[in-house]
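**Q**
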Amino acid sequence: MAVKTVIEAIREGMDEEMARDESVFLIGEDVGNRGGVFLATDGLYKKYGALRVIDSPLAESCIVGVAIGAAVNGMRPIAEIQFADFIAPAMNQIIEEAARFCYRTAGDFNLPMVIRAPWGGGVHGALYHSQSIEATFGHIPGLKVVVPGTPADAKGLLKAAVRDPDPVLYLEHKRTYRLVKGDVPTGDHVVPIGKADVKREGKDLTLIAYGLMLTYCLEAAETLAAEGVSAEVLDLRTIKPIDQAAIVATAKKTGKVLVVHEDNRFAGIAAEVMAIIMENAFDTLDAPVMRLTGPDVPAMPFNQVLEEAFMPNVDKILAKARELAAY
Amino acid sequence: MASVKMPQLGESITEGTISKWLKQPGDQVKKYEGLVEIITDKVNAEVPAPLAGILKEIKVKEGTTVTVGTEIAVIEETVTAGATQRPAPAAPTETAAAVPQDSPSPVLGEGRGGGSDSRTRLSPAVRALIEEHRISDAELSRIEGSGIGGRVSKKDVEDFVAKRTQPATANGEQRQTVAPAAAPPAPTPGTTIPLSPMRRAIAANMLKSKQTIPHAWTVAEVDMTSVVRFRQTAKDSFKQREGIDLTFVPIIVKAVVEGLKAVPVLNASWSEQGVVLHKDINIGVAVSVDDGLIVPVVHQADRMSISGLAKAIDDLAKRARAGKLGIPDVQGGTFTVNNPGTFGTILSYSIIAPPQAGILAMDAIVKRPVVVEGDAIAVRSMMNLCLSFDHRVLDGVSAARFLQGVRRWLEGFSEQVPLY
Amino acid sequence: MALKTTEVEAKGGPSRHRSLGLSDEQALKIYEVMRLARAVDERMWLINRQGRAPFVISCQGQEGAQVGTAATLRPGYDWVAPYYRDAGVVLWFGMTARDQMLSFFARREDPNSGGRQMPGHFGSRKLHIVTGGSPVATQLLHAAGVALASKQRKEDAVTAVYFGEGSTSQGDTHEAMNFAAIHKLAVVFVCENNGYAISVPQSSQMAIANVADRAAGYGFPGVVVDGNDVLACYEVARRAVERARRGEGPTLIEVKTYRFTAHSSDDDDKRYRKAEEVAIWRQKDPILRYAGYLRDAGTLTDQREADITDRVTVQVDEATEYAEQAPDPTPDDLTTFVYKQELPS
Numbered sequence: 079m080a081v082k083t084v085i086e087a088i089r090e091g092m093d094e095e096m097a098r099d100e101s102v103f104l105i106g107e108d109v110g111n112r113g114g115v116f117l118a119t120d121g122l123y124k125k126y127g128a129l130r131v132i133d134s135p136l137a138e139s140c141i142v143g144v145a146i147g148a149a150v151n152g153m154r155p156i157a158e159i160q161f162a163d164f165i166a167p168a169m170n171q172i173i174e175e176a177a178r179f180c181y182r183t184a185g186d187f188n189l190p191m192v193i194r195a196p197w198g199g200g201v202h203g204a205l206y207h208s209q210s211i212e213a214t215f216g217h218i219p220g221l222k223v224v225v226p227g228t229p230a231d232a233k234g235l236l237k238a239a240v241r242d243p244d245p246v247l248y249l250e251h252k253r254t255y256r257l258v259k260g261d262v263p264t265g266d267h268v269v270p271i272g273k274a275d276v277k278r279e280g281k282d283l284t285l286i287a288y289g290l291m292l293t294y295c296l297e298a299a300e301t302l303a304a305e306g307v308s309a310e311v312l313d314l315r316t317i318k319p320i321d322q323a324a325i326v327a328t329a330k331k332t333g334k335v336l337v338v339h340e341d342n343r344f345a346g347i348a349a350e351v352m353a354i355i356m357e358n359a360f361d362t363l364d365a366p367v368m369r370l371t372g373p374d375v376p377a378m379p380f381n382q383v384l385e386e387a388f389m390p391n392v393d394k395i396l397a398k399a400r401e402l403a404a405y
Numbered sequence: 327m328a329s330v331k332m333p334q335l336g337e338s339i340t341e342g343t344i345s346k347w348l349k350q351p352g353d354q355v356k357k358y359e360g361l362v363e364i365i366t367d368k369v370n371a372e373v374p375a376p377l378a379g380i381l382k383e384i385k386v387k388e389g390t391t392v393t394v395g396t397e398i399a400v401i402e403e404t405v406t407a408g409a410t411q412r413p414a415p416a417a418p419t420e421t422a423a424a425v426p427q428d429s430p431s432p433v434l435g436e437g438r439g440g441g442s443d444s445r446t447r448l449s450p451a452v453r454a455l456i457e458e459h460r461i462s463d464a465e466l467s468r469i470e471g472s473g474i475g476g477r478v479s480k481k482d483v484e485d486f487v488a489k490r491t492q493p494a495t496a497n498g499e500q501r502q503t504v505a506p507a508a509a510p511p512a513p514t515p516g517t518t519i520p521l522s523p524m525r526r527a528i529a530a531n532m533l534k535s536k537q538t539i540p541h542a543w544t545v546a547e548v549d550m551t552s553v554v555r556f557r558q559t560a561k562d563s564f565k566q567r568e569g570i571d572l573t574f575v576p577i578i579v580k581a582v583v584e585g586l587k588a589v590p591v592l593n594a595s596w597s598e599q600g601v602v603l604h605k606d607i608n609i610g611v612a613v614s615v616d617d618g619l620i621v622p623v624v625h626q627a628d629r630m631s632i633s634g635l636a637k638a639i640d641d642l643a644k645r646a647r648a649g650k651l652g653i654p655d656v657q658g659g660t661f662t663v664n665n666p667g668t669f670g671t672i673l674s675y676s677i678i679a680p681p682q683a684g685i686l687a688m689d690a691i692v693k694r695p696v697v698v699e700g701d702a703i704a705v706r707s708m709m710n711l712c713l714s715f716d717h718r719v720l721d722g723v724s725a726a727r728f729l730q731g732v733r734r735w736l737e738g739f740s741e742q743v744p745l746y
Numbered sequence: 052m053a054l055k056t057t058e059v060e061a062k063g064g065p066s067r068h069r070s071l072g073l074s075d076e077q078a079l080k081i082y083e084v085m086r087l088a089r090a091v092d093e094r095m096w097l098i099n100r101q102g103r104a105p106f107v108i109s110c111q112g113q114e115g116a117q118v119g120t121a122a123t124l125r126p127g128y129d130w131v132a133p134y135y136r137d138a139g140v141v142l143w144f145g146m147t148a149r150d151q152m153l154s155f156f157a158r159r160e161d162p163n164s165g166g167r168q169m170p171g172h173f174g175s176r177k178l179h180i181v182t183g184g185s186p187v188a189t190q191l192l193h194a195a196g197v198a199l200a201s202k203q204r205k206e207d208a209v210t211a212v213y214f215g216e217g218s219t220s221q222g223d224t225h226e227a228m229n230f231a232a233i234h235k236l237a238v239v240f241v242c243e244n245n246g247y248a249i250s251v252p253q254s255s256q257m258a259i260a261n262v263a264d265r266a267a268g269y270g271f272p273g274v275v276v277d278g279n280d281v282l283a284c285y286e287v288a289r290r291a292v293e294r295a296r297r298g299e300g301p302t303l304i305e306v307k308t309y310r311f312t313a314h315s316s317d318d319d320d321k322r323y324r325k326a327e328e329v330a331i332w333r334q335k336d337p338i339l340r341y342a343g344y345l346r347d348a349g350t351l352t353d354q355r356e357a358d359i360t361d362r363v364t365v366q367v368d369e370a371t372e373y374a375e376q377a378p379d380p381t382p383d384d385l386t387t388f389v390y391k392q393e394l395p396s
């Protein structure tokens with residue numbers, strides 16, 4: 079065990095996978111000499127050279143399209159989209175191509191590739207450096223979407239994503255990069271895709287979250303405990319395939335669930351989680367399933383007052399959780 | 327004086343290390359002039375001075391790492407003529423309200439304030455438990471709902487089932503009929519009583535009060551003879567008419583309301599911006615319940631007659647003991663009345679419920695020989711009224727004036743004072 | 052190498068194929084694959100017009116461009132990323148008439164997609180044919196990626212990617228050519244310019260006469276070639292493939308050709324082009340032209356022609372019969388292979 083930040087865990091995960099498997103390579107904007115704008119790939123260019131750490135032209139469709147082709151021909155690319163907000167030019171390649179290769183060939187082709195994208199707000203990133211994209215891509219069959227919130231999960235899910243035979247969208251929350259620190263198991267630590275994790279046991283109500291909101295929910299749970307409310311915190315970790323069993327189990331256990339995400343509210347992940355609970359745990363509910371989300375505005379503004387108004391935070395989670403506890 | 331804080335140099339950066347101070351205490355600094363060099367995970371940068379002035383103090387030494395937002399230096403501002411200061415940004419919460427982020431759940435909205443169906447509305451979990459444990463309608467009606475509006479929650483049913491099955495020992499059934507219905511288990515010395523949520527809440531509130539409010543305490547002795555006499559004559563007809571007892575509490579509350587009208591600074595709250603005088607007089611009335619104390623609030627007590635207060639207090643006390651108070655029932659108090667006298671106390675030092683500025687304790691009414699007008703000795707019904715007040719908000723003179731007003735009102739009580 | 056677009060003139064002479072290094076057998080094999088592509092296509096139209104299959108999209112008129120260029124590659128070692136008209140390319144690369152018909156009838160056994168995609172969406176991992184979808188030009192980037200992988204592994208495989216002139220308006224085309232040029236990837240870009248993107252003529256698609264002129268902007272050679280002259284196609288493609296294999300980077304080949312049929316069975320080309328125009332181009336049919344050359348060269352005798360016709364007919368008949376009888380997928384097949392690693396339901 080060693081205490082690391084999320085960004086260190088990601089870097090270490092990539093380094094270890096590149097050392098383990100020669101077919102793993104990186105492609106993206108500024109990933110070479112610069113080491114990535116967040117330094118996620120720092121040092122890897124020097125270590126693995128220009129053929130395995132490729133500075134792409136400033137073209138997202140190119141990054142993903144080339145990665146697809148390389149995966150067809152036996153490589154395991156890790157493509158980096160510099161900010162999740164800039165993934166739109168690559169959507170045709172991701173949705174129409176990468177996500178459909180396996181299905182449209184009835185399993186003849188598969189694409190072992192990872193698309194990394196820093197996402198999320200609370201970093202003064204404004205409309206185009208703060209977005210959440212998990213619901214958009216979670217809707218696409220053929221893609222896997224992971225959203226680690228801790229350093230251990232960041233590393234373990236990165237390794238799982240690299241080894242997965244299918245395209246994985248790996249979302250790393252920018253605010254957690256250096257804010258969240260934690261123990262990372264040494265050795266070949268792999269976290270399976272599709273498994274949620276109870277980060278805190280509780281019995282009165284459940285907070286379901288992922289990414290940065292996980293950290294906030296854990297903080298809120300601490301305060302709730304002091305108020306006599308025992309909150310369970312379930313970290314989804316993977317959006318697609320979502321861990322239905324874990325969601326249903328915690329809903330049945332506490333009977334009260336609050337789902338938290340910073341993505342827009344309408345048709346967000348919370349809506350899906352709520353539907354799963356209604357379909358599978360209705361008889362055990364003791365209160366309406368609640369959600370706390372970002373509002374349905376295009377993205378979060380630059381102005382700090384507006385950004386804070388957009389983002390869920392510990393106080394907002396506490397207010398909603400108290401409502402749920404008192405119900 | 328302006329403080330210089332560790333800036334957030336880039337997205338995702340949470341801390342920075344002071345690499346080199348470019349200015350020393352006493353140095354003149356120009357606005358935007360390099361002040362300090364900072365190393366972060368992402369960038370190394372020279373941080374310019376936020377304003378012109380003299381560097382007064384360096385708070386963080388070179389080589390030290392601190393989180394974003396930590397004060398690292400203090401600059402004494404050079405005031406320039408006509409310099410306008412930008413107003414501080416509005417508190418985020420105010421703006422947050424403008425964005426419809428999270429409308430309250432409609433079900434909750436209805437449940438608030440104890441809608442008539444709140445008690446009978448059963449969640450799927452509660453229905454399942456009722457089924458599982460074969461709880462009859464009669465039993466169900468005995469379960470006290472702890473949820474909003476008195477809703478019976480899953481936990482309430484689980485607690486009920488636990489109690490129901492507890493004395494299931496060999497001769498349990500016989501014992502059950504003898505034992506009082508819902509007596510809490512007697513605490514055994516040498517064990518630790520687990521903290522109930524209410525116990526925790528009381529503890530937190532009391533601690534906060536004593537740590538933040540400088541309490542002052544003063545006592546007035548009141549001759550309650552007229553009030554006692556009046557109550558004696560009126561209580562039977564009142565009970566007949568209203569169906570409730572006429573106790574001393576609503577009369578004292580009425581007196582308190584009159585006292586607060588005369589001394590409004592006691593119906594107030596301390597804040598850093600100033601003493602906030604409340605428009606309404608909302609009197610909290612302490613009610614003891616099984617596992618602690620709860621203080622429901624008579625809202626707008628200044629608009630009520632004695633009988634109105636009596637009914638409101640009776641209703642709140644009953645609902646408090648049944649655990650059926652809604653959140654609004656316990657919110658918004660501006661002053662509290664406590665009645666320890668029923669247990670025979672004669673001097674009580676109560677703790678103020680923040681953010682209120684005062685709490686009045688009614689101690690026991692006892693007959694005592696008292697020197698009255700004309701230096702005669704008479705047997706009178708006497709009571710101590712003990713006032714704890716926030717000395718930040720008011721001084722002893724105002725507190726004494728309040729007590730005097732209450733005392734005069736009570737001592738001058740006659741049958742002319744309208745009950746309605 | 053000069054970066055200026057070069058026009059390759061069709062050179063006459065009875066031994067042209069031999070001077071290109073093609074044996075008689077190889078020259079005849081090219082002819083037979085062109086014939087087979089045409090025959091399968093014609094059969095599909097007949098079946099479609101009988102109402103026995105819902106959709107057909109054609110290669111007719113472009114067989115010379117397709118087989119002529121594909122014949123310069125090593126099937127199973129080199130890679131192709133074809134577009135939906137490239138029946139000639141995939142037949143050269145090892146697909147069969149039966150495979151085509153299974154796809155046409157959308158049968159479970161269809162090796163391209165198990166009956167999931169419309170006809171013309173070719174793909175086979177084993178044959179090194181990169182699967183294609185319907186959005187156009189995406190395959191150019193896939194080809195660049197395939198070639199990048201070859202380069203990373205220090206293999207000399209060449210990747211040929213095919214597309215229409217309409218696809219050159221897409222951003223992915225630019226991104227792929229740019230990327231392939233930067234990394235000197237072994238890619239041969241083959242633009243089958245048939246004059247129309249469905250109904251939109253080239254004059255509404257671009258303001259230049261030759262797509263190949265654009266190659267200069269990326270820093271690699273562009274070549275224009277008569278797409279109905281199969282040996283000319285072979286010649287320029289061979290040069291491009293050799294250059295790519297030597298690690299000198301990509302080439303853009305623009306084959307000027309024509310689409311004999313409407314865009315698809317759902318299109319009516321009389322709404323946007325004249326019958327006379329089609330008739331003129333039919334005179335230049337690459338199959339007839341190549342047959343004439345082979346006969347002049349003495350390579351194609353009447354007997355050989357008859358044998359080829361027999362073999363093609365037998366294959367098409369057998370393929371049609373087999374595919375029409377082949378079972379459909381079952382409803383259970385709907386949910387398989389969303390992922391390679393099936394998810395828990």
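Protein chains in written order, with my numbering: chain A, 79 to 405; chain B, 327 to 746; chain C, 52 to 396. Heads up, the beta-carbon is just placed ideally off N, CA and C, and yes, glycines get one too.
Between which two residues does the beta strand (DSSP E) carrying Tyr-248/A extend?
**A** Its beta strand (DSSP E) spans residues 246-251.
**Q** If you measure between the beta carbons of Ala-454/B and Thr-362/A, is that distance less than 8 Å?
**A** Result yes, Cβ atoms of Ala-454/B and Thr-362/A sit closer than 8 Å.
**Q** Is Pro-337/C helix, strand or coil when you go by DSSP?
**A** Three-state result, Pro-337/C: helix.
**Q** Relative to chain A, which residues along the region 470-484 of chain B have a C-beta separation below 8 Å, given in chain order?
**A** Hits within the stretch, in order: Gly-473, Ile-474, Arg-477, Ser-479, Lys-480 and Lys-481.
**Q** At least one CB of chain A closer than 8 Å to the CB of Pro-622/B: is that the case?
**A** No, Pro-622/B does not count as interfacial toward chain A.
**Q** By DSSP, does Ala-157/A sit in helix, in strand, or in coil?
**A** Looking at Ala-157/A - three-state DSSP - the assignment turns out to be strand.
**Q** Quick test of your reading: Glu-216/C and Ser-139/A, contact by CB under 8 Å. State the CB separation rounded to the nearest angstrom.
**A** Glu-216/C to Ser-139/A, Cβ: 20 Å. No contact.
**Q** Hey, would you say Gln-113/C sits closer than 8 Å to Arg-89/C, going by beta carbons?
**A** Result no, Cβ atoms of Gln-113/C and Arg-89/C do not sit closer than 8 Å.
**Q** Along the chain, where does the alpha helix (DSSP H) that runs through Glu-86/A open and close?
**A** It spans 84-98 - the alpha helix (DSSP H) in which Glu-86/A sits, taken as one unbroken run.
**Q** Quick one: residues in its chain with C-beta nearer than 7 Å to the C-beta of Thr-404/B, no 5 flanking neighbours on either side, listed in chain order?
**A** Closer than 7 Å at the Cβ level, and outside the excluded window around Thr-404/B, lie Ala-378 and Gly-379.
**Q** Suppose you measure from the CA of Gln-730/B to the CA of Glu-386/A; what does that come to, to the nearest Å?
**A** Taking the straight line from one Cα to the other gives about 50 Å.
**Q** Return the chain-ordered list of same chain residues with a C-beta closer than 7 Å to the C-beta of Gly-234/A, the five sequence neighbours on each side being excluded.
**A** Taken in chain order, the residues that qualify are His-267, Val-268 and Val-269.
**Q** Along the chain, where does the beta strand (DSSP E) that runs through Trp-543/B open and close?
**A** Element bounds for Trp-543/B: 541-549.
**Q** Along the chain, where does the alpha helix (DSSP H) containing Asp-275/A start, and where does it finish?
**A** Run containing Asp-275/A: none in the alpha helix (DSSP H); it sits in the beta strand (DSSP E), 275-278.
**Q** In chain order, which beta strand (DSSP E) runs of at least 3 residues are fully inside the region 100-139 of chain A?
**A** As far as the region 100-139 of chain A is concerned, its whole beta strand (DSSP E) runs of at least 3 residues are 102-106 and 131-133.
**Q** Would you say Arg-490/B lies against chain A (beta-carbon separation less than 8 Å)?
**A** Cβ-Cβ to chain A under 8 Å: no for Arg-490/B.
**Q** Is the CB of Val-160/A under 8 Å away from at least one CB in chain C?
**A** Reading off the sequence shown, one finds Gln at residue 160/A, where the question assumed Val. It does not; no Cβ of chain C falls within 8 Å.
**Q** According to the neighbour-count rule (16 or more other Cβ atoms, all chains shown, within 10 Å of its Cβ), is Gln-171/A buried or exposed?
**A** Buried: at least 16 other Cβ atoms inside 10 Å.
**Q** Measuring alpha carbon to alpha carbon, tell me which of Met-228/C, Lys-235/C and Phe-214/C ends up nearest Asp-207/C.
**A** The option with the nearest alpha carbon to Asp-207/C is Lys-235/C.
**Q** Compare the C-beta of Ser-535/B against all C-beta atoms of chain A and say whether one is closer than 8 Å.
**A** Chain A, which has no Cβ nearer than 8 Å to the Cβ of Ser-535/B, makes this no.
**Q** Relative to chain B, which residues along the region 296-314 of chain A have a C-beta separation below 8 Å, given in chain order?
**A** Here the close residues are Ala-304, Glu-305, Gly-306 and Val-307.
**Q** Which same chain residues, not among the five before or five after Glu-372/B, have their C-beta less than 6 Å away from its C-beta?
**A** These residues qualify, in order along the chain: Gly-360 and Glu-363.
**Q** Can you name, in chain order, every residue of its own chain whose Cβ lies under 6 Å from the Cβ of Ala-309/A, other than the five neighbours on each side?
**A** For Ala-309/A, where only same-chain residues beyond five positions count, the Cβ hits under 6 Å are Gly-280, Leu-283, Leu-285, Ala-299 and Leu-302.
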